[in-house]
Amino acid sequence: MRLTESKVEQAYVFARERYAEHGIDTEELLARLDTVPISIQCWQGDDVLGFESADANLTGGIQTTGNYPGRARNADELRSDLEVALTLIPGASRVNLHAMYLDTDRPVGRDKIEPKHFQGWIDWAKDRNLGLDFNPTCFSHPNSAQGLTLSHPDGDIRRFWMDHCIASRRVSEYMGEQLGSPTVMNIWVPDGYKDTPAERLEPRKRLMSSLDAILGAVEGKHHKVAVEGKLFGIGAESCTVGSNEFYMAYAATRKTLLCLDAGHFHPTESVADKISTSLCFLDEILLHVSRPVRWDSDHVVLFDDATIAIAQEIVRSNGLDRVNIGLDYFDASINRVAAWVIGTRNYRKALLYAMLEPRAELKKAEDRFDYTSRLVLMEEAKSLPWTAVWEYYCMTRNVPHGREWLKTVQRYEANVLNSRG
Ligand code: RNT
Ligand code: ZN
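For the sequence shown, our numbering assigns the number 5 to the initial residue and increments by one for each residue that follows.
Structure below.
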């Protein structure tokens, strides 16, 4: 172990010098990287089922597949699983909750949730210096059975979902205040139609006025509201009420955050390219980093081109303070703790990779229209010794720098996860 550590250190010393030649101070950069939070989606730990009832059923046009053993069945199990993952992930983390993860023995209506139902999470987060983010849960419920919530034609059903979102804002406000770090509350509704609807305008107007009522109901001092659009969902293939254009315009006119989910666009569209456009019109945005495979399949995030491109666009837009980074994927076919660790480490790695780009040199080439040099620099930068910087970063933040982290997860699987029914 000692030997490996000194090798990691030696490789880093050389890497630091190489990057210094490009005007990059790796020490400063790693200190900055530490402060960029990644919000980890709690719902990877239990297949998006929540704790409202033991026979919950996921609806809303999203789906988990797989039956790997060890799914978390209550808040204590989920927190314990998250704790294991967090010891293997370098840098600042936040935990992203959904309203259905409330920590209570008695059933509570979604429109009746209160801050006290999340006190367990807040105390836990406080102890571990974690921020919390939040989401109203507008799916997997009898009142969403027709696939419509905030745009439902029935005023009582719409009211129920508005009340749920308003209650969620109060919870978010309390969380943000308690933790001294603003909660990002993201509204995603599954509303849509399997087949061609007779009208699209009225449902969209209903969604707009429901959202306006939600925004007007609570003051947001310690939380920020984001809205998430989508192309289609399972069973909502022909029309999604909250389309991407709908929310882009909504966020720009109402001054909310816009959430860009990597799986919510046409497959060949670049999600990365949307970041700078959004930042022209919005103060802040939220990302749901995900990996769509042929559809919005929410596969575990890889260190792949699409993921790197998103990180590069944040960094190239000087957007680290304006882009809230969240993950959104759920895979039930592999160890769920490993799924968190793989995706979160990959995203942190992508951020590091993007930050290590010799930007000043690239900009200079571009400014003199020397696109040849720009391309050469960009391509050569790919083989600079960034992996040495990554390993050193992990090592100095007391997390395993390579695949050894899997051993911790395997031990936890053998000792804890396998004993869950
Ligand atoms: C669904 C959206 C949404 C959910 C989570 C569970 O397509 O991406 O963000 O995945 O809220
Ligand atoms: Zn999402």
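Each residue gets a CB set at the ideal place from its N, CA and C atoms; glycine is no exception.
Could you tell me the alpha carbon to alpha carbon distance between residue i and residue j, rounded to whole angstroms?
i: residue 32; j: residue 259; result: 33 Å
i: residue 50; j: residue 359; result: 33 Å
i: residue 377; j: residue 200; result: 50 Å
i: residue 60; j: residue 77; result: 11 Å
i: residue 97; j: residue 206; result: 40 Å
i: residue 289; j: residue 249; result: 15 Å
i: residue 217; j: residue 115; result: 15 Å
i: residue 400; j: residue 350; result: 18 Å
i: residue 365; j: residue 42; result: 28 Å
i: residue 411; j: residue 17; result: 28 Å
i: residue 253; j: residue 422; result: 48 Å
i: residue 135; j: residue 81; result: 19 Å
i: residue 382; j: residue 361; result: 8 Å
i: residue 300; j: residue 266; result: 8 Å
i: residue 264; j: residue 233; result: 7 Å
i: residue 425; j: residue 413; result: 19 Å
i: residue 2; j: residue 38; result: Absent from the model: residue 2. The displayed extent of the chain is 5 to 425, so no value can be given.
i: residue 145; j: residue 124; result: 24 Å
i: residue 131; j: residue 286; result: 33 Å
i: residue 203; j: residue 368; result: 52 Å
i: residue 318; j: residue 324; result: 6 Å
i: residue 119; j: residue 311; result: 35 Å
i: residue 21; j: residue 339; result: 39 Å
Sorted by chain position, which residues of the same chain lie with C-beta nearer than 8 Å to residue i's C-beta, five sequence neighbours on each side aside?
i: residue 353; result: 307 and 394
i: residue 227; result: 138, 173, 176, 177, 179, 180, 186, 187, 188 and 189
i: residue 153; result: 142, 143, 147, 161, 162, 165, 193, 194 and 195
i: residue 235; result: 244, 247, 248, 268, 269, 270 and 300
Assign residue i to buried or exposed, taking buried as 16 or more other Cβ atoms, counted over all protein chains shown, within 10 Å of its Cβ.
i: residue 277; result: exposed
i: residue 328; result: buried
i: residue 427; result: This structure does not reach residue 427, given that the chain is present from 5 up to 425, and the question cannot be answered.
i: residue 418; result: exposed
i: residue 215; result: buried
i: residue 157; result: exposed
i: residue 83; result: buried
i: residue 282; result: buried
i: residue 8; result: exposed
i: residue 107; result: buried
i: residue 54; result: buried
i: residue 28; result: buried
i: residue 341; result: buried
i: residue 363; result: buried
i: residue 24; result: exposed
i: residue 70; result: exposed
i: residue 408; result: exposed
i: residue 322; result: exposed
i: residue 133; result: exposed
i: residue 372; result: exposed
i: residue 73; result: exposed
i: residue 302; result: buried
i: residue 379; result: exposed
i: residue 309; result: exposed
i: residue 402; result: exposed
Excluding the 5 residues preceding and the 5 following residue i in the sequence, name in chain order all residues of the same chain whose CB lies nearer than 7 Å to its CB.
i: residue 304; result: 295, 333, 335, 343, 346 and 347
i: residue 12; result: 395, 396, 399 and 405
Excluding the five sequence neighbours on either side, which residues of its own chain have a C-beta within less than 6 Å of the C-beta of residue i, listed in chain order?
i: residue 155; result: 195, 207, 210, 211 and 245
i: residue 320; result: none
i: residue 221; result: 170
i: residue 390; result: 357 and 360
i: residue 261; result: 228, 230, 288, 289 and 290
i: residue 416; result: 88
Runs of beta strand (DSSP E) lying entirely within the region 247 to 272, each at least 3 residues, in chain order: 261 to 265
Complete beta strand (DSSP E) runs within the region 79 to 159 (minimum length 3 residues, chain order): 97 to 102 and 135 to 139
Inside the region 325 to 384 only - alpha helix (DSSP H) runs reaching at least 4 residues: 340 to 359 and 363 to 371
Contact the region 286 to 302 vs the region 331 to 351: 3+ CB pairs below 8 Å: yes
contact_flag[the region 235 to 247, the region 190 to 199] where n(CB pairs < 8 Å) is 3 or more: yes
Contiguous alpha helix (DSSP H) assignments of at least 4 residues, all confined to the region 179 to 238: 205 to 221
Every unbroken beta strand (DSSP E) inside the region 17 to 83 [3 residues or more]: 42 to 45
Inter-stretch contact (C-beta, 8 Å, three-pair minimum) for the region 71 to 89 and the region 32 to 42: no
Three-pair Cβ contact test at 8 Å for the region 101 to 110 versus the region 259 to 274: no
Those runs of the alpha helix (DSSP H) which lie wholly inside the region 384 to 424 and span at least 4 residues: 390 to 400 and 409 to 419
Beta strand (DSSP E) segments (min. 3 residues) lying fully within the region 281 to 328: 289 to 293
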